[in-house]
Amino acid sequence: MSSPLRREDVAHVAKLARLTLSDEELDTFTEQLGQVLEHANDMGALDLTDVVATAHPFGLINVVRDDVVRASLDRAAVLDMAPDAQDGRFAVPRIMGEAP
Amino acid sequence: MRSAAQIALDVRSGATSAARELATSLEAIAARNDELHVFLHVDHEGAAKAAAKVDRLVAEGQDPGPLAGVPVAVKDNICQRGVPTTCSSRILEGWRPPYSATVIDRLLGAGAIPVGKTNLDEFAMGSSTENSAFGPTRNPLDPTRVPGGSSGGSAAAVAADMTPISIGSDTGGSIRQPAALCGIIGVKPTYGLVSRYGLIAFASSLDQIGPFAKNVTDAAMLLEVLAGHDPLDSTSLPEPSPALLAHVGDGVNGQRIGIVRELVEGADEDVVAQVHRALDALRDAGATIVELSIPELRLGLSAYYLIAPAEASSNLARFDGVRYGLRVDADDVTAMMEATRTAGFGAEVKRRIMLGTYALSAGYYDAYYGQALKVRTQMIDAFRRAYREADLLIGATAPSVAFAFGAKTDNPMAMYLSDVFTIPTNLAGEAAVSVPFGSGEAGLPIGVQLLGPGRSEARLFAAARVLEIADGRP
């Protein structure tokens, strides 16, 4: 049985997930991920049209707390662990501008 | 090593001190950690402070709590304020959380002494600890073999008598499978029983923190401390911690226990033989054995390996070089994120992120993720039907005893099959315990798995205790 997954699918997904893959990694991952998806064909063969999907074991209900002010994490302690910070904020490289 | 219950009793009575028990634990760690690679970080300073506090409370005539002076090892995907927390990933190397998980606060509040952070498969993705970016943990019973995973370090810490108890997380078997391979007790509690606040998320609808121990009583005692509603976790069950310790001696008289064909098929002969020996022990203790088949369980692996990666691909999007951990510099923010994630994540994490992204992507969502969620519904319904015929279910925890390093690293699908018997419980949000019972190939331990519906922990511990006694550990 041929893999349902093509090399270009993996390259596309890697781009979406912000990962750079070498040619060799692309080959390996295409084969390995294809095996997992092939295994999932046992599910694909089932007719589950009338079955309701379960995203969470007990069903999620919104939980809200009272709207009262309380202490949060210390900003300095949080920023101290960031790769870069400036003026009480996380700092990142250029966002706008020419494409690299 | 003495049991956690005995240590706590002696510390509370003043027969020993928390400082002395900590020193014993640290000596055991120092003696074998280089060989076994169990701890990624030992928190000498924090542990000494916690022990001093317990000893001061005892001296003042106050009760430090049910785990007074008991050293405990913590899986390194659970945040502890100021203590390095890596998830065994380069992407979090050097990060020290600015807050503690609720379970850490509960442990400290009960007088326990967190001694350090244990190795795991990167982001809890794996069944052998071979996916740790910092090198694998060795099985204390046979250092040429894996301890199982992903909580391999926490299982090995207890098996090697470094700490009497430890905590791990179980998303598809990551507590029960290493417990089986290391010959100790491992518990996957009901979803929501233990707060996940401060557990670095892998698959949020499946993840659950739970205990490792050498005996059932210690496991029950530890879970009582960990469990109970937490307003910081919106999926936390609304009720207080259940009474577990009081029911450990309840036995199984009159209980119906279902042996599930799908939870032993494909397991090695030595494993199947021990499951059958466990059935005899339960029957001798007054249980009725029911034979069941739950064909839906065969679909668990397929559903899990779409649902868990889908949730992981979303949860791990936060590791982008902005707020914590590694950053690989680049000219613009997108290139920085891509360079950081490419350098920071290992192969298995990349595989699962891509699998999940694919399963959720336009055109494939219904066929893969959507179908898996429907199979999840079928599995929950199938368990519900089974629990009309049996109070508890039984099967194998893992298909084989501990395997050799490298045996499954080239074939992800073979590694995934290590969790084939443990995954269904996570998909259903229910509870299960792995109990060491007999031995197999090369004299290595075998784990028998007891499964129950949500909130059945007390009954599971009672049955586990019956097996423990039958296996010669009164």
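Order-wise, the sequence lines are chains A and B.
Residue numbers for the first sequence, in this note's numbering: -10 to 89.
Residue numbers for the second sequence, in this note's numbering: 338 to 811.
C-beta: ideal position from N, C-alpha, C; glycine also.
On a Cα-Cα basis, can you pick out the residue from the options that is closest to residue i?
{"i": "V770 (chain B)", "options": "B:A733, B:M674, B:V495 and B:D617", "result": "B:A733"}
{"i": "G591 (chain B)", "options": "B:V627, B:A538 and B:R614", "result": "B:V627"}
{"i": "A768 (chain B)", "options": "B:V407, B:T679, B:G419 and B:I546", "result": "B:I546"}
{"i": "R713 (chain B)", "options": "B:N763, B:V665, B:S698 and B:D621", "result": "B:N763"}
{"i": "D607 (chain B)", "options": "B:R369, B:W432, B:E794 and B:I783", "result": "B:I783"}
{"i": "A624 (chain B)", "options": "B:G463, B:T474, B:K386 and B:D587", "result": "B:D587"}
{"i": "K711 (chain B)", "options": "A:E27, A:A44 and A:E(-3)", "result": "A:A44"}
{"i": "I760 (chain B)", "options": "B:R533, B:G448 and B:L543", "result": "B:L543"}
{"i": "S350 (chain B)", "options": "B:V395, B:F740, B:V391 and B:D371", "result": "B:V395"}
{"i": "I644 (chain B)", "options": "A:D55, A:A29, A:V52 and A:A74", "result": "A:A29"}
{"i": "F376 (chain B)", "options": "B:S340, B:G453 and B:Y436", "result": "B:G453"}
List the endpoints of the continuous alpha helix (DSSP H) containing residue i.
{"i": "V851 (chain B)", "result": "The first residue shown for chain B is 338 and the last is 811, placing residue 851 (chain B) beyond what the model contains."}
{"i": "S651 (chain B)", "result": "G637 to N652"}
{"i": "V411 (chain B)", "result": "Premise fails: V411 (chain B) lies in the beta strand (DSSP E), P408 to K412, not in any alpha helix (DSSP H)."}
{"i": "H1 (chain A)", "result": "R(-4) to L5"}
{"i": "A387 (chain B)", "result": "H381 to A396"}
{"i": "G490 (chain B)", "result": "G489 to A496"}
Alpha carbon to alpha carbon, what distance is there between residue j and residue i?
{"i": "A80 (chain A)", "j": "R725 (chain B)", "result": "57 Å"}
{"i": "L569 (chain B)", "j": "S630 (chain B)", "result": "39 Å"}
{"i": "M674 (chain B)", "j": "V659 (chain B)", "result": "8 Å"}
{"i": "G505 (chain B)", "j": "A493 (chain B)", "result": "11 Å"}
{"i": "P403 (chain B)", "j": "G791 (chain B)", "result": "25 Å"}
{"i": "L(-6) (chain A)", "j": "S639 (chain B)", "result": "16 Å"}
{"i": "D617 (chain B)", "j": "A610 (chain B)", "result": "11 Å"}
{"i": "L619 (chain B)", "j": "L788 (chain B)", "result": "14 Å"}
{"i": "V531 (chain B)", "j": "L559 (chain B)", "result": "11 Å"}
{"i": "V670 (chain B)", "j": "N652 (chain B)", "result": "20 Å"}
{"i": "P434 (chain B)", "j": "E778 (chain B)", "result": "42 Å"}
{"i": "M(-10) (chain A)", "j": "T508 (chain B)", "result": "Annotation note: pLDDT 35 at M(-10) (chain A) (below 50); position unreliable, coordinate value reported separately. Their Cα atoms are separated by approximately 31 Å."}
{"i": "G681 (chain B)", "j": "S469 (chain B)", "result": "12 Å"}
{"i": "A449 (chain B)", "j": "P408 (chain B)", "result": "6 Å"}
{"i": "A550 (chain B)", "j": "A34 (chain A)", "result": "42 Å"}
Is there a C-beta anywhere in chain A that falls below 9 Å from the one on residue i?
{"i": "G707 (chain B)", "result": "yes"}
{"i": "E602 (chain B)", "result": "no"}
{"i": "F682 (chain B)", "result": "yes"}
{"i": "R296 (chain B)", "result": "This structure leaves residue 296 (chain B) out entirely; chain B is present only between 338 and 811."}
{"i": "D479 (chain B)", "result": "no"}
{"i": "V531 (chain B)", "result": "no"}
{"i": "K711 (chain B)", "result": "yes"}
{"i": "K525 (chain B)", "result": "no"}
{"i": "L692 (chain B)", "result": "yes"}
{"i": "Y436 (chain B)", "result": "yes"}
Taking 9 Å as the CB-CB cut-off, is residue i touching chain B?
{"i": "Q75 (chain A)", "result": "no"}
{"i": "E14 (chain A)", "result": "yes"}
{"i": "D56 (chain A)", "result": "no"}
{"i": "A60 (chain A)", "result": "no"}
{"i": "R7 (chain A)", "result": "yes"}
{"i": "R83 (chain A)", "result": "yes"}
Using the Cβ count rule (16 or more neighbours within 10 Å means buried), how would you classify residue i?
{"i": "E358 (chain B)", "result": "buried"}
{"i": "D728 (chain B)", "result": "buried"}
{"i": "P577 (chain B)", "result": "exposed"}
{"i": "Q708 (chain B)", "result": "buried"}
{"i": "D666 (chain B)", "result": "exposed"}
{"i": "Q399 (chain B)", "result": "exposed"}
{"i": "G431 (chain B)", "result": "exposed"}
{"i": "N370 (chain B)", "result": "buried"}
{"i": "A580 (chain B)", "result": "exposed"}
{"i": "P773 (chain B)", "result": "buried"}
{"i": "G490 (chain B)", "result": "buried"}
By the DSSP assignment, the beta strand (DSSP E) with residue i in it spans what residues?
{"i": "V627 (chain B)", "result": "T625 to L629"}
{"i": "L729 (chain B)", "result": "L729 to A733"}
{"i": "T455 (chain B)", "result": "I450 to T455"}
{"i": "Q823 (chain B)", "result": "Given a span of 338 to 811 for chain B in the structure shown, any question on residue 823 (chain B) remains unanswerable."}
{"i": "A768 (chain B)", "result": "A768 to S776"}
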